[in-house]
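Residue numbers (my numbering), protein chains in the order written: chain A, 5 to 261; chain B, 570 to 784.
Don't be surprised by glycine CBs; every beta carbon is placed ideally from N, CA and C.
Since we're looking at a predicted model, the values are computed, not measured.
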Amino acid sequence: MNLLLDTTIQIDRITGSKERKKAVEEVLRGNQLYCTTYVLGEYYNNIVNDLVTLYGLFLIDKNLDETGKRISEHVFGRSQSRVAKLYFNILELSGHDVGEVEDIFLLYFDLIQEDFYDGIENIFDLTGCARAQRRVEYEDGIPVLRDVHCTKEKVICSICPFWKKMEKEAGRLLQNDKVDIKIRDILNRAQNIEKEYRGQNCKTLGDTIIALEALECGQEYGICSSNKNDFRPLCDTFGITLVVPDYSRGRTAAKNT
Amino acid sequence: MAVLQSENIDFGLPNKTTFLDESALIHHLLSLRVDALEKKIFEKTDNLEERLYHVENTMGETGANPILWNDMDFSLDGGFLQVKKKEKTMPDITEQNTRAECEKIVSRAIEFLTDWDESQDIKLQIQYAAIIVGKIEMIKKKEFIQSSEIRKKICTLLRNVIRLNITDEVFTKVQIDLLKKGFQLLISLDTKKEDMLQLNRQFRKEGLMTMPSWE
């Protein structure tokens, strides 16, 4: 089967624990794997961005203790737990040696960008996502991830033409009250005001976009995601097979839903 | 006194020029001979260069490989232009020495990896791993490794792989072979970023963690 990997699966198979990686591998085995530039954009916005931010916090004075404190002061939400976990793992690996910490970061910048493509047959570009064009660049040896400003007012990608193309399919979501009300509200407004598809709303509509991308790729494409709750109503609406890894402790069996 | 006399040869001086002594006369004759030889060599070199230029242009037209001038050593020997392809050499003697030292460390590390391969005991594995990590730390300090970002990263990768996976299960033969491959890359002159990325992919394919978890 052709499986389109969403962002949660890419993150889990690259940065997840050994158990999670095994569970993901179990469901992916034997399938042809695909991804999209929209997912790549989300990956850069989250994982790669977190790594660059963490390194930036470290570079302020290369003080290992102060860096740890700065995580709690300057990184928030989901990123904070991720960054903190990564940092303390790096400290352990490096033996608390500043030089080794630095070397580990520099290695990870290469690995984190490369591993996204591991095992992927093709990355479809259906939305022209601007965030997917980001790459870690180096200024005097210091990594930088240039920002991309996704706003309602500016057109920097092809997300609106994509929604236009998928208008009919997207309309079916409005009839399904199992789809998140936030998504339905945005789609309702966007029918008359195109810019409602852009900016922060685009991020809110992320799962919907990925589901529509799978639909556009063809009936033979399923989606692999660890986010069953949000993807189930979308996949049910469009008749897409949803594959979810089983992260239950001690079990690695796959569930086709 | 010595007199240079000649009826029909031009020595650059009037006939029957007198020199203080024989050695002064010989010195003059020798300098004339050197000038003449030099002129001959330069003419030959110009001729050869012209021919080389013509050959290069012809090769360019036919799409054949161009001569890589920077890869050639030219020398004049007995009036003949010698052209040799440069041997790939280390930039300086210090780096040659540290590469030799690195080769010794790698050789020793591979011996231990071979012993490790033959052992199926996880306690012994932990001991071998400590030795190998020590070898990595030793080799990483060498100028030959420090002068290359890619070699440094490979050291970091090897160290990470061992430390992240050592207590889980006994390493398989394939996994240990990959560690050996990593060490070989450290002393290879042609190691590129793609070699490091490929090694990472191979580690991951064989079920080894190359980064800690952060989710």
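Judged by DSSP in its simplified three-state form, residue 753 of chain B adopts helix.
Around the beta carbon of residue 217 of chain A, 16 or more other beta carbons lie within 10 angstroms, which makes this residue buried.
By the Cβ rule, the stretch 128-138 of chain A counts as touching the stretch 156-168 of chain A, because three or more pairs are nearer than 8 Å.
Using a C-beta cut-off of 8 Å, the stretch 197-204 of chain A makes no contact with the stretch 233-250 of chain A, since fewer than three inter-stretch Cβ pairs fall below that distance. Under the three-state reduction of DSSP output, residue 127 of chain A falls in the strand class.
Any Cβ of chain B closer than 9 Å to the Cβ of residue 54 of chain A would place that residue at the interface, and such an atom is present. Listed along chain B, the residues sitting closer than 7 Å to residue 111 of chain A by beta-carbon distance are 722, 725, 726. When DSSP reads this structure, residue 698 of chain B sits in no beta bridge, so it has no partner. In the same chain as residue 717 of chain B, and ignoring 5 residues on each side of it, the C-beta atoms closer than 8 Å to its own belong to 760, in chain order.
The C-beta of residue 229 of chain A comes no closer than 9 Å to any C-beta of chain B. If you look at residue 218 of chain A, you'll find it isn't in any beta strand (DSSP E); it sits in the alpha helix (DSSP H) that goes 210-221. The continuous beta strand (DSSP E) containing residue 7 of chain A extends over residues 6-9. At a cut-off of 9 Å between beta-carbon atoms, residue 761 of chain B makes no contact with chain A. Contact holds between the stretch 228-237 of chain A and the stretch 5-14 of chain A, because three or more Cβ pairs, one in each stretch, are under 8 Å apart.
For the C-beta of residue 784 of chain B, the chain A residues within less than 8 Å are, from N- to C-terminus, 15, 16, 19, 20, 21, 24, 86, 89. Rounded to whole angstroms, residue 756 of chain B and residue 75 of chain A show a C-alpha spacing of 38 Å. Of the residues assessed, residue 45 of chain A falls on the buried side of the cut-off, its CB having 16 or more other CB atoms within 10 angstroms. Distance from the CA of residue 178 of chain A to the CA of residue 184 of chain A, rounded to the nearest whole angstrom, comes to 10 Å. For residue 779 of chain B, the neighbours in chain A by C-beta distance under 7 Å run, in chain order, 115. Pairwise C-beta distances place the stretch 718-730 of chain B in contact with the stretch 96-107 of chain A, as three or more of them are shorter than 8 Å. Closer than 9 Å to the CB of residue 769 of chain B there is at least one CB belonging to chain A. Note on geometry: alpha-carbon atoms of residue 606 of chain B and residue 582 of chain B lie some 19 Å from one another.
Apart from the 5 residues on each side of it in sequence, residue 18 of chain A sits with its Cβ closer than 6 Å to the Cβ of 119 in its chain, given in chain order. For residue 589 of chain B, there is no enclosing alpha helix (DSSP H), as DSSP marks it with neither H nor E. Comparing alpha carbon positions, the residue from A/148, A/122, A/248, A/137 closest to residue 154 of chain A is A/137. Taking the beta carbon of residue 250 of chain A as reference, no residue of chain B falls within 8 Å; the closest one sits roughly 16 Å away. In the displayed model, residue 582 of chain B falls within coil according to three-state DSSP, outside both helix and strand. Under the DSSP assignment, residue 40 of chain A falls outside any alpha helix (DSSP H), being part of the beta strand (DSSP E) whose first and last residues are 36-40.
Residue pairing for residue 147 of chain A: DSSP places it in a beta bridge opposite A/142. A residue is called buried once 16 or more other Cβ atoms fall within 10 Å of its Cβ, and residue 80 of chain A, having fewer, is exposed. Separation of the CB atoms of residue 678 of chain B and residue 714 of chain B is rounded to 13 Å, and the pair is thereby denied contact status at 8 Å.
Taking every protein chain shown into account, the CB of residue 697 of chain B has 16 or more other CB atoms within 10 angstroms, so this residue is buried. Around the beta carbon of residue 117 of chain A, 16 or more other beta carbons sit within 10 angstroms, so the residue counts as buried. Cα atoms of residue 190 of chain A and residue 50 of chain A: separation of roughly 23 Å, rounded to the nearest angstrom. By alpha-carbon distance to residue 587 of chain B, the top candidate from B/573, B/680, B/598 is B/573.
By the rule that beta-carbons nearer than 9 Å mark a contact, residue 718 of chain B touches chain A.
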